[in-house]
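Chemist: Each residue of the sequence shown is one higher than the one before, counting from 2 in the numbering used here.
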Amino acid sequence: MKYPVIKGTSYVLIHTPGLLLQQANLEGLPFSHLLTDQLRSFDSVAGYPPNQAFIGNLFPEDLPQIPRPWYNNSLPNAKRQGLLGEIFPEDEFLGLLHAVDVYGLVCLEAGFKLAVSEKLRSHPALSGLNGIATAQDNGCSHAEIQEIIKAGEALPLTFGGRIIGCIRKAHSSDSTLSASRVLENLTAKASAAAALQLLFRKTGLKPQDVDYIIETSEEACGDLRQKGGGSFAKSIAEACSCSNASGADTRAFCAAPVHALMQGAALVQSGIFENVVVVAGGCSAKLGLNAGIHLAHGMPVLEDLLGAFAFHISKDDGINPIVRTDLIGTMKVGCGDSPQQVYSSLVAEPLTRGGYKILDIDRYAAELVNPEIIEPTGCGDLAQKNYKMIASLAVLRREMDRTGIEEQIQRFGVPGFAPNQGHIPSGVPYIGPARDLILRNKVNQVMIIGKGSLFLGKLTRLYDAVSLIIQRNPKQKASVSI
Numbered sequence: 002m003k004y005p006v007i008k009g010t011s012y013v014l015i016h017t018p019g020l021l022l023q024q025a026n027l028e029g030l031p032f033s034h035l036l037t038d039q040l041r042s043f044d045s046v047a048g049y050p051p052n053q054a055f056i057g058n059l060f061p062e063d064l065p066q067i068p069r070p071w072y073n074n075s076l077p078n079a080k081r082q083g084l085l086g087e088i089f090p091e092d093e094f095l096g097l098l099h100a101v102d103v104y105g106l107v108c109l110e111a112g113f114k115l116a117v118s119e120k121l122r123s124h125p126a127l128s129g130l131n132g133i134a135t136a137q138d139n140g141c142s143h144a145e146i147q148e149i150i151k152a153g154e155a156l157p158l159t160f161g162g163r164i165i166g167c168i169r170k171a172h173s174s175d176s177t178l179s180a181s182r183v184l185e186n187l188t189a190k191a192s193a194a195a196a197l198q199l200l201f202r203k204t205g206l207k208p209q210d211v212d213y214i215i216e217t218s219e220e221a222c223g224d225l226r227q228k229g230g231g232s233f234a235k236s237i238a239e240a241c242s243c244s245n246a247s248g249a250d251t252r253a254f255c256a257a258p259v260h261a262l263m264q265g266a267a268l269v270q271s272g273i274f275e276n277v278v279v280v281a282g283g284c285s286a287k288l289g290l291n292a293g294i295h296l297a298h299g300m301p302v303l304e305d306l307l308g309a310f311a312f313h314i315s316k317d318d319g320i321n322p323i324v325r326t327d328l329i330g331t332m333k334v335g336c337g338d339s340p341q342q343v344y345s346s347l348v349a350e351p352l353t354r355g356g357y358k359i360l361d362i363d364r365y366a367a368e369l370v371n372p373e374i375i376e377p378t379g380c381g382d383l384a385q386k387n388y389k390m391i392a393s394l395a396v397l398r399r400e401m402d403r404t405g406i407e408e409q410i411q412r413f414g415v416p417g418f419a420p421n422q423g424h425i426p427s428g429v430p431y432i433g434p435a436r437d438l439i440l441r442n443k444v445n446q447v448m449i450i451g452k453g454s455l456f457l458g459k460l461t462r463l464y465d466a467v468s469l470i471i472q473r474n475p476k477q478k479a480s481v482s483i
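#1: Three-state secondary structure (DSSP) at N276?
#2: DSSP three-state call for Q477: helix, strand or coil?
#3: Roughly how far, in whole angstroms, is the beta-carbon of E368 from the beta-carbon of P426, given that I think they are within contact range, below 8 Å?
#4: Assign E407 to buried or exposed, taking buried as 16 or more other Cβ atoms, counted over all protein chains shown, within 10 Å of its Cβ.
#5: Would you mind working out which of N245, A257, A292 sits nearest G209, comparing C-alpha positions?
#6: Reducing DSSP to helix, strand and coil, say where T159 ends up.
#7: From what residue to what residue does the alpha helix (DSSP H) around T378 run?
#8: Classify Q446 as buried or exposed, calling it buried when 16 or more other Cβ atoms lie within 10 Å of its own Cβ.
#9: Taking DSSP as the reference, what is the three-state secondary structure of M448?
#10: Closest to P51 by CA distance: which of Q227, M300, I374, R436 is it?
#11: Which residues bound the alpha helix (DSSP H) around H295?
#12: Are at least three pairs of beta-carbons, each pair with one atom in the region 237-251 and one in the region 150-168, less than 8 Å apart?
#13: What does a CB cutoff of less than 8 Å around T159 pick up in its chain, not counting 5 residues either side in sequence?
#14: Assuming the contact rule is C-beta atoms closer than 8 Å, H16 and D305 should be a hit. Round their C-beta distance to whole Å, please.
#15: Rounded to whole angstroms, what's the CA-CA distance from G337 to R122? Just pull it up for me.
#16: Am I right that A253 and D382 are in contact with their C-beta atoms under 8 Å? What's the rounded C-beta distance?
#17: My understanding is that P5 touches V467, with C-beta atoms under 8 Å, so please give their C-beta distance in whole angstroms.
#18: Using a Cβ-Cβ cutoff of less than 7 Å, which residues in the same chain neighbour A79 once the five nearest sequence positions on both sides are dropped?
#19: Based on DSSP bridge pairs, tell me the residues matched to T204.
#20: Identify the continuous beta strand (DSSP E) that holds H34 and give its terminal residues.
#21: To which residues of the same chain is F89 closer than 6 Å at the C-beta, ignoring the five residues directly before and after it?
#22: Which stretch, first to last residue, makes up the beta strand (DSSP E) that contains H313?
#23: Less than 8 Å separating the beta-carbons of G86 and V13?
#24: Hey, would you say I303 sits closer than 8 Å to H295, going by beta carbons?
#25: On a Cα-Cα basis, can you pick out the residue from A180, S218, L469 that is closest to I150?
#26: Put A466 into one of helix, strand or coil per three-state DSSP.
#27: Can you check DSSP and say which residues form a bridge with K214?
#28: Where Q39 and M300 are concerned, what is the direct C-alpha to C-alpha distance, given to the nearest angstrom?
#29: Can you name, in chain order, every residue of its own chain whose Cβ lies under 7 Å from the Cβ of I146, other than the five neighbours on each side?
#30: For D224, which of helix, strand or coil comes out of DSSP?
#31: Helix, strand or coil for R354, going by three-state DSSP, please let me know.
#32: Please report how far the alpha carbon of L290 lies from the alpha carbon of T37, in whole angstroms.
#33: What would DSSP say about K190, mapped onto helix, strand or coil?
#34: How long is the line joining the alpha carbons of V396 and D402, rounded to whole angstroms?
#35: Taking one C-beta from the region 271-281 and one from the region 310-322 each time, how about it: are there three or more such pairs within less than 8 Å?
#36: Could you give the C-beta distance for C255 and G451, rounded to a whole number, given that I count them as a contact under 8 Å?
Right under this line is the structure:
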């Protein structure tokens, strides 16, 4: 059987302290005035070890060797560019918001717009984005921006504590097109477009060769009559000049990216499309989610980042890691919520189907949220909890002795390192490192697990999960460097 392959990946982090403060003000949080003193600088964000792991300048497996708290052990000479991705400052992102806005809803002050446009035009990946390469308006005056905000027609956009623009509402009375919703949607679109442009730059994939885009963020754009109609996918394809592409959005809360990888792999394997891209932008509503708890613990506010990613799935080239479409693990409706039953369905069942045991997998990647962000909330280390359940299942199946649990967790468990952005940490941040390690013959097979909280929508009490296995290409003869 010919399986599809993961041909390329890209990851983006965007430092957005201004959007974090905007979110705190929108929610009316009582501690919003305290946030400014605890906000991180861009250099601090770039040097933060989990962020360097996210963009590929170190492996997640290296993180346990760095003393914690990581926010007190910044890496020296850290770069914003990495093997797998890049970290962007907020001014460049505000320029991106303006560039992907096709309805004139984002207004930037003329001087700020000129400066940031020059930066974006000189960026090797972003310069080709529609709205940057083509001529746009010359910007607004500070007085015009203040007048729009004062009239209640827009929300302010800030950089460095100064108002440099605003974002307008898209309808006079439709709450789904309010300024805050427009900001959420354009944030997801702009960050995803940045990830896709970076994918093109890093892999050589040409925009015109993309056949289909699946977008998997946690937003749902639409209007009063059709709140989740979409399509982020088509809008991102348009922004990135994917003139031959179609696409649609997939939603399953945090599990959506793995669902989309499964769908994309199936589309390629069936021969419907040759080049499928799975992409997701960041979620502005998740910024500062636990800021009050971080402040109470004397920590910097760590939820000041948007995450985004893009993956290229294509037909077998004899080199890149394959996606085992015959070994998908799902959490069926009748599965219940017993941890043993859930992990049996997600992990043991597909492995048994392929003739493997639990310990045959070199790495498991599940709920990869950075533990430093969520441990102060009392949730513990989510990634480690998953690995303990997997190891315990191996004991119950008599595939290992109980005394070996900790040793096996250290061997196959990927440490959490992703920002707390819901869908972003759900297994998929490790696809880039996994692809690298597989190509270099360091590991053979990795299981990616996505889990989603469906009950948040108040339609069901169920949650969801899906897993897939990425495996060394049997045709690969020698080590390959990405």
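Where is the CB? At the ideal position from N, CA and C, for every residue including glycine.
The structure presented is a predicted model; accordingly, all values stated were derived computationally and were not measured.
Modeler: The structure says:
#1: The three-state reading of DSSP puts N276 in strand, counting E and B together.
#2: In the structure shown, Q477 sits in coil (DSSP, three-state: anything other than H, G, I, E or B).
#3: Right, their Cβ atoms sit about 6 Å apart.
#4: Under this definition E407 is an exposed residue.
#5: With the sequence shown as reference, residue 209 is identified as Gln, and Gly is not the correct amino acid for it. Of N245, A257, A292, the residue nearest in Cα terms is N245.
#6: Note: T159 maps to strand in three-state DSSP.
#7: No residue range can be given for T378, since it is assigned to no alpha helix (DSSP H) and is classified by DSSP as neither H nor E.
#8: Answer is buried; the Cβ neighbour count reaches 16.
#9: DSSP places M448 in the strand class (E or B) of the three-state scheme.
#10: Ranked by Cα distance from P51, the options Q227, M300, I374, R436 are led by I374.
#11: Annotation: the continuous alpha helix (DSSP H) that includes H295 extends over 292-297.
#12: Cβ pair count under 8 Å is below three, so no.
#13: If we look at T159 and ignore the five residues flanking it on each side, its Cβ neighbours are G19, L22, Q23, I165.
#14: Contact holds; Cβ gap of about 6 Å.
#15: Spanning the two alpha carbons is a distance of roughly 52 Å.
#16: Not confirmed; about 24 Å, so no contact.
#17: Not quite, the Cβ-Cβ distance comes to about 16 Å (not below 8 Å), so this is no contact.
#18: Cβ within range, chain order: A47, G48, Q53.
#19: Looking at the DSSP assignment, T204 forms no beta bridge with any residue, so it has no partner.
#20: Run containing H34: none; DSSP gives neither H nor E here.
#21: Cβ within range, chain order: I15.
#22: Boundaries of the beta strand (DSSP E) harbouring H313: 306-315, taken from the DSSP string.
#23: G86 is a Cβ neighbour of V13, given a cutoff of 8 Å.
#24: The amino acid occupying residue 303 in the given sequence is Leu; Ile does not appear at that position. Yes, they are a contact pair.
#25: If you compare the alpha carbons of A180, S218, L469 with that of I150, the shortest gap goes to A180.
#26: Shown here, A466 sits in a strand according to DSSP, grouped into three states.
#27: It should be pointed out that residue 214 corresponds to Ile in this sequence rather than to Lys. Beta-bridge partners assigned by DSSP to I214: G248, V278.
#28: Distance from the CA atom of Q39 to the CA atom of M300, rounded to whole angstroms, is 7 Å.
#29: The residues are C108, E110, I164, G166, C167.
#30: In this structure, D224 counts as strand in the three-state DSSP scheme.
#31: In this structure, R354 counts as helix in the three-state DSSP scheme.
#32: Pairing L290 with T37, the inter-Cα distance amounts to about 15 Å.
#33: Residue state for K190 is assigned as helix, using DSSP reduced to three classes.
#34: Those two C-alpha atoms are separated by around 6 Å.
#35: In this structure the region 271-281 lies against the region 310-322, because at least three pairs of beta carbons, one per stretch, are closer than 8 Å.
#36: For C255 against G451, the beta-carbon gap comes to about 7 Å, under 8 Å, which counts as contact.
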